[in-house]
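Student: This is the structure, below, for whatever I ask next.
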Amino acid sequence: MANIRLNSKVEVGLINPKSPSNVGAVMRAAGCYQVDKVYYTGKRYENAAKFSTDTKNIKDKIPLIALEEITDAIFNDRKIICVDLVEGATPLPYFEHPENALYIFGPEDGTIPQPIINKADAVVYIPTVGCMNLAATVNVLLYDRMTKLNNFQLGDGVIKQSRDKNNRTKILR
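Numbering-wise, our numbering comes out as the position in the sequence shown, counting from 1, plus 118.
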């Protein structure tokens with residue numbers, strides 16, 4: 119059974135991600151939340167990519183594309199949403215996701231450059247005490263998008279399709 123899918127385009131841009139484990143976890147999130155493409159900049163990921171944690175081999179289904187500049191992924195048919203702890207940003211609970219979006223995330227040990235923030239249609243932050251790592255931030259953002267756009271199905275069919283092969287647990291009444 120396939121997930122419900124809006125006629126939308128969802129892409130993720132990672133600016134100079136720090137660790138391959140985070141990129142692997144972002145790719146897994148991309149598979150879970152129906153992302154079309156993931157872009158990244160910088161050399162840190164490439165230098166350590168052999169340690170990736172993409173345990174579901176999502177990179178075989180969703181393109182992971184290296185770019186010189188994240189702005190190379192900006193096209194007119196989608197909104198640019200920067201996700202970072204930036205003063206003046208909109209808290210995620212109050213944000214309305216556009217149908218077509220490129221979500222740009224900064225590095226864990228830095229921030230999204232000001233010129234990219236200036237080009238954004240919106241800047242969003244996730245209210246927390248402290249900051250989350252890159253993969254956790256991507257997961258929370260994409261989950262929020264899925265639920266707010268009602269882009270999911272309910273019931274045992276999606277549970278059976280999504281769970282690990284070693285999980286056959288049921289609620290017995």
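C-beta atoms are modelled at their ideal positions from N, C-alpha and C, and glycine is treated no differently.
Please give me, in chain order, every unbroken run of the alpha helix (DSSP H) with length at least 4 that falls completely inside the stretch 158-246.
Tutor: Taking only runs of at least 4 residues, the alpha helix (DSSP H) segments lying wholly in the stretch 158-246 are 162-166 and 232-237.
Student: Looking at the unbroken beta strand (DSSP E) that takes in Gly131, where does it start and where does it end?
Tutor: In the sequence shown, counting from the first residue as 1, residue 131 sits at position 13. Run containing Gly131: Val128 to Leu132, per the beta strand (DSSP E) assignment.
Student: Can you tell me whether DSSP reads Lys266 as helix, strand or coil?
Tutor: For the purposes of this step, residue 266 is taken as the residue at position 148 of the sequence shown. In this structure, Lys266 counts as helix in the three-state DSSP scheme.
Student: To the nearest angstrom, how far is it from the Cα of Gln271 to the Cα of Ile277?
Tutor: Numbered from its first residue, the sequence shown carries residue 271 at position 153. Numbered from its first residue, the sequence shown carries residue 277 at position 159. Going by the C-alpha atoms only, they are around 10 Å apart.
Student: Quick one, are the C-beta atoms of Leu182 and Thr159 less than 7 Å apart?
Tutor: Position 64 of the sequence shown, counted from the start, is the residue given in the question as residue 182. Position 41 of the sequence shown, counted from the start, is the residue given in the question as residue 159. The answer is no: Cβ separation not under 7 Å.
Student: Starting from the Cα of Lys179, find the closest Cα among Glu187, Gly149 and Arg291 and give me that residue.
Tutor: Within the sequence shown, numbered from 1, the residue matching residue 179 stands at position 61. Considering only alpha carbons, the answer is Gly149.
Student: Between the alpha carbons of Leu290 and Asp282, how many angstroms are there, rounded?
Tutor: Taking the first residue of the sequence shown as 1, we reach residue 290 at position 172. Taking the first residue of the sequence shown as 1, we reach residue 282 at position 164. Computed Cα separation, rounded: 20 Å.
Student: By DSSP, does Val156 sit in helix, in strand, or in coil?
Tutor: Within the sequence shown, numbered from 1, the residue matching residue 156 stands at position 38. Of the three classes helix, strand and coil, the one that applies to Val156 here is strand, per DSSP.
Student: Would DSSP call Met145 helix, strand or coil?
Tutor: As a working note, residue 145 is residue 27 in the sequence shown. In this structure, Met145 counts as helix in the three-state DSSP scheme.
Student: With DSSP as the reference, label Leu260 as helix, strand or coil.
Tutor: Position 142 of the sequence shown, counted from the first residue, corresponds to residue 260. Leu260 falls in the helix class under three-state DSSP.
Student: Identify which residue in Pro216, Phe193, Phe213 and Asn269 has its Cα closest to the Cα of Gln152.
Tutor: Position 34 of the sequence shown, counted from the first residue, corresponds to residue 152. Considering only alpha carbons, the answer is Asn269.
Student: Between Leu210, Val130 and Lys197, which lies nearest to Tyr243 when the distance is taken from Cα to Cα?
Tutor: Translated into positions along the sequence shown, residue 243 becomes position 125. Of the candidates Leu210, Val130 and Lys197, the one whose C-alpha sits nearest the C-alpha of Tyr243 is Leu210.
Student: Specify the secondary structure class of Gln271 as computed by DSSP and reduced to three states.
Tutor: Numbered from its first residue, the sequence shown carries residue 271 at position 153. Reduced to three states, the DSSP call for Gln271 is coil.
Student: Under a three-way DSSP split, which group does Cys150 fall into?
Tutor: As a working mapping, residue 150 is identified with position 32 in the sequence shown. Looking at Cys150 - three-state DSSP - the assignment turns out to be helix.
Student: I'd like to check one pair, Asn218 with Asp195: are the Cβ atoms closer than 7 Å?
Tutor: Here residue 195 corresponds to residue number 77 of the sequence shown, with the count starting at 1. Here residue 218 corresponds to residue number 100 of the sequence shown, with the count starting at 1. The answer is yes: Cβ separation under 7 Å.
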